[in-house]
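**Student:** In terms of this note's numbering, the sequence shown opens at residue 19 and continues consecutively.
Right, I'll just put the structure down here and ask away after.
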Amino acid sequence: MAGPPTKSAAVQIVRPPSTSTSGPGQAVNATSHVGMNKGIMDHSKDTARASPVSADKKRETPQRICRNVMIYGFCKFQDAGCVYYHPPPGTDPNSVSTPKTESPALTNATPLSKESKSSFGLGAEHLSAPVFVPKTPMAENASPRASTPAVSTGAQTPSWPPLANAGGIIPRQDVSINFDDSMLSLDPSQSSGMDSSIYMQGQPMRQPLDYHLYTSPLSHVSNPPPSHHPLHSFFIPDDLRRTIQSRQEAIYTGTQSGSAAGLPAELGVYHSLIPIGPAQGTTPSKVYGHPAPVYKAMSSVDGNVYCLRRIEGFKLVNEAAFGAIDTWRRIKHPNIVTIREAFTTKAFNDNSLILVYDYHPLSTTLWEEHLASASDQNAPPSTLAAVTAAKRRSGMPIPERVIWSYITQIANALKAIHNSNLAARNLDPSKVLVTGKNRIRLNGCGVLDVLAYDAQNLAIHQQEDLVSLGKLILTLCYEFFLPGQHPAIPLDHISRHYSPDLKQLVIYLITQSSHPRSVDDVVKMMGPRILNELDAMQNYSDVLENELSAEVENGRIVRLLTKLGFINERAEFELDPRWSDTGDRYILKLFRDYVFHSIGVDGTPILDLSHVLTCLNKLDAGLDERIMLVSRDDQSCLVVSYREIKLCIETTFNELRNSGNPHRVLR
């Protein structure tokens, strides 16, 4: 005995009946290719035999009525391809029912004919449909929750728009729907489990400065627009502005987000340690003999940023070695990086020596500036002994005037050091900082005084400083010079490319002598070159003072703007007759409109910075020049001078300042 027929879980899709007489080929099975093809063929035959009346029956399909018909009573695009429904002439458009737009998942987008409305449901031909087998495997224990809305499985057509060339029949498409049953167990109100797996640490976003808002035109633009030329003349030169702003940005970059990974959060009074320069790892420095990484840190005492040089693996044996640090701290010289303090710590899980120096942002070394090739920029700087022929200098040789500038500054620093009974002991290209244009400073002073403490051989160390200066000059003039090499070839190169005075100075410094040499002899040999350096420094000082004087004038403008902001539009004086539209304070309101709210002939706002600065400068000077102030309604005008406006500002501001003190007499 055969069991009951297997029920199919397939959702039957019923094709909308055609306008012609219903035939056996009109029922389309969505799961059968043969039935679909047969239905399309039969429908095409019925369409070919359809009478002209079928076009009128198609109008029974609810469509959107053309708004031109509803507003004007006709549509001039009816015969030109208008896609909306146009009722027959004489029909009231308001009486024609329009379809209600509902959710496509709950309503039929394709209308049914009158014949199909009475027999809505599954016909006899639908019972022979094959069993629908879903392509996506369903979980066996998938049971919807009570709160899950039920899905209607009625015989409804999809909400896709019918194809015009297929008579409203949509071809069959195999659509695979992927559904994850595990998502049913997620509670939207409890998202802690989901957030814990996708949490990402927030990083502070740096807002770049608006450098582009007042950058001057490029150099190749010979004739800038008149509106741009006066604007840039009010600011400092771009090269000086970019240098100052870049240094300020480099000082505080990274110091607000804490120390870098692997570094202690605090080191005494210093925090936010950031490595400076290329990573050296555990490679010992060829100058100090120990790994010597450098960090940038902020002090919690004064809030300034300092440079911390760490000497790894150093254990202090003699406490007297720190006595030289106190002497170094008292040296304040423009060509020496000032040392602040020195201490030992175990915060890095070892015995480390920390020396704190002033931080000079965006500074390089002589090795990086003149001796390192492009491939060596990321490598740790070498010492004088490691500068070989492979490390060639790119470009032209260093100009002699630049070399004399370096010699003058180094000799000036050595004189201050030797007069303090100290020795530099580290004149190496990698330990001479270039902090500006041809501006150098001796870096790392005092490190060897602690590492190799020797108080008995001070005179020997001072003589070695002069020899190191001569070797440094040879290296800058002749990049192929090697320590221990005979200086004949480098001196011949210097004699062919530089002046004899430079050659004589180098010979004096590197030649062994029985009597001790002094840095004062070096100063005497430099002669007029010191005057050239003095001239350059004074000229640069004049440029900076000129720009500073221009910036100082900006404070006067800010004071005027602040006073005008305090005076204008005060709500507590609206009923005061002195602040009414006929009072003296009304002049200040009209002056504000004259300066900031001017409009052109065509009514466009005038945004002219030169006009604003000119008016404010004349107001600050109190000129007798008269201007005409017009009210906003153009019904009244006042002719006043800048002197009268300035007097009104001072009087009104004093009244505001003294209004809280009843013992003061208001003027």
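Glycine is no exception: its CB is placed at the ideal position from the N, C-alpha and C atoms.
#1: Is Y377 buried or exposed, if buried means 16 or more other CB atoms sit within 10 Å of its CB?
#2: Is I416 closer than 9 Å to D483 when the C-beta atoms are compared?
#3: Classify R661 as helix, strand or coil using the three-state DSSP reduction.
#4: I need the boundaries of the beta strand (DSSP E) containing R265, first residue and last residue.
#5: By DSSP, does L371 sit in helix, in strand, or in coil?
#6: If we ignore side chains and look at the alpha-carbon of each, how far apart do R644 and K664 end up?
#7: Is the beta carbon of V693 sitting closer than 9 Å to the one on I512?
#8: Does DSSP classify S69 as helix, strand or coil?
#9: Please report the distance separating the alpha-carbon of S290 from that of G341.
#10: When you compare only the Cα positions, how much space is there between E673 and I585?
#11: Cβ atoms of L326 and G375: under 9 Å apart, would you say?
#12: Please state whether DSSP places V323 in a helix, a strand or coil.
#13: How would you label E668, buried or exposed, when you count the other beta carbons within 10 angstroms and need 16 or more for buried?
#14: Can you tell me which of S517, Y516 and K521 puts its alpha carbon nearest to the alpha carbon of P505?
#15: Looking at A283: is its Cβ nearer than 9 Å to the Cβ of S275?
#16: For V405, does the three-state DSSP call read helix, strand or coil?
#17: Taking one C-beta from the segment 415-432 and one from the segment 342-358 each time, how about it: are there three or more such pairs within less than 8 Å?
#18: Along the chain, which unbroken stretches of the alpha helix (DSSP H) at least 4 residues long are found entirely within the segment 564-640?
#19: Can you tell me whether L334 is helix, strand or coil according to DSSP?
#20: My understanding is that G464 touches F361, with C-beta atoms under 8 Å, so please give their C-beta distance in whole angstroms.
#21: Measure the C-alpha to C-alpha separation of S628 and F671 and round it to an integer number of angstroms.
#22: Whose CA, out of H388, N336, T622 and T632, lies closest to the CA of E497?
#23: Looking at the structure shown, is I329 part of a helix, part of a strand, or coil, going by DSSP?
#24: So, with DSSP's three-state summary, where would you put G454?
#25: Do A477 and L460 have their C-beta atoms within less than 9 Å of each other?
#26: With 16 as the cutoff for other CB atoms within 10 Å, does Y288 come out buried or exposed?
#27: Can you tell me the Cβ-Cβ gap for V468 and A339, rounded? I've got them flagged as a contact below 8 Å.
#28: Is it true that the segment 604-616 meets the segment 643-660, where meeting means three or more beta-carbon pairs spaced less than 8 Å apart?
#29: So, L697 versus C666, is the Cβ gap smaller than 9 Å?
#30: Going straight from the alpha carbon of A365 to that of V570, what length do you get?
#31: In terms of alpha-carbon separation, which member of L637, L608 and R675 lies closest to D652?
#32: Reducing DSSP to helix, strand and coil, say where G185 ends up.
#33: State the Cα-Cα distance for the pair W346 and N439, rounded to the nearest angstrom.
#34: Can you say whether K455 is buried or exposed, counting buried as having 16 or more other CB atoms within 10 angstroms of its CB?
#35: What is the rounded straight-line gap between the Cα of L490 and the Cα of T632?
**Tutor:** Taking the structure as given:
#1: Buried.
#2: no
#3: helix
#4: No beta strand (DSSP E) contains R265, which is instead part of the alpha helix (DSSP H) from D256 to Y270.
#5: Reduced to three states, the DSSP call for L371 is strand.
#6: Taking the straight line from one Cα to the other gives about 12 Å.
#7: Nothing about residue 693 can be read from this structure; the chain reaches only from 19 to 685.
#8: Only weak support is given to the placement of S69: the predicted model assigns it a pLDDT of 44, under 50, and the value that follows is read from those uncertain coordinates. Three-state DSSP puts S69 in coil, outside helix and strand.
#9: 29 Å
#10: 10 Å
#11: Per the sequence shown, residue 375 should be read as Tyr rather than Gly. In contact: Y375 and L326 (Cβ atoms closer than 9 Å).
#12: Judged by DSSP in its simplified three-state form, V323 adopts strand.
#13: exposed
#14: K521
#15: no
#16: Reliability of the predicted coordinates at V405 is poor, the pLDDT of 39 falling under 50, and no value is obtained from them.
#17: yes
#18: Fully enclosed alpha helix (DSSP H) runs of no fewer than 4 residues occupy 604-614 and 627-639 of the segment 564-640, in order along the chain.
#19: coil
#20: Between G464 and F361 a beta carbon distance of about 13 Å is seen, past the 8 Å cut, so the two are scored as non-contacting.
#21: 26 Å
#22: If we check each option's Cα against that of E497, H388 comes out closest.
#23: strand
#24: In this structure, G454 counts as strand in the three-state DSSP scheme.
#25: No. Outside cutoff.
#26: buried
#27: 5 Å
#28: They touch, by the three-pair rule.
#29: Given that the chain is displayed from residue 19 to residue 685, the structure contains no residue 697 and the question cannot be resolved.
#30: Looking at the two C-alpha atoms, the distance is approximately 46 Å.
#31: L608
#32: Only weak support is given to the placement of G185: the predicted model assigns it a pLDDT of 44, under 50, and the value that follows is read from those uncertain coordinates. In this structure, G185 counts as coil in the three-state DSSP scheme.
#33: 10 Å
#34: exposed
#35: 54 Å
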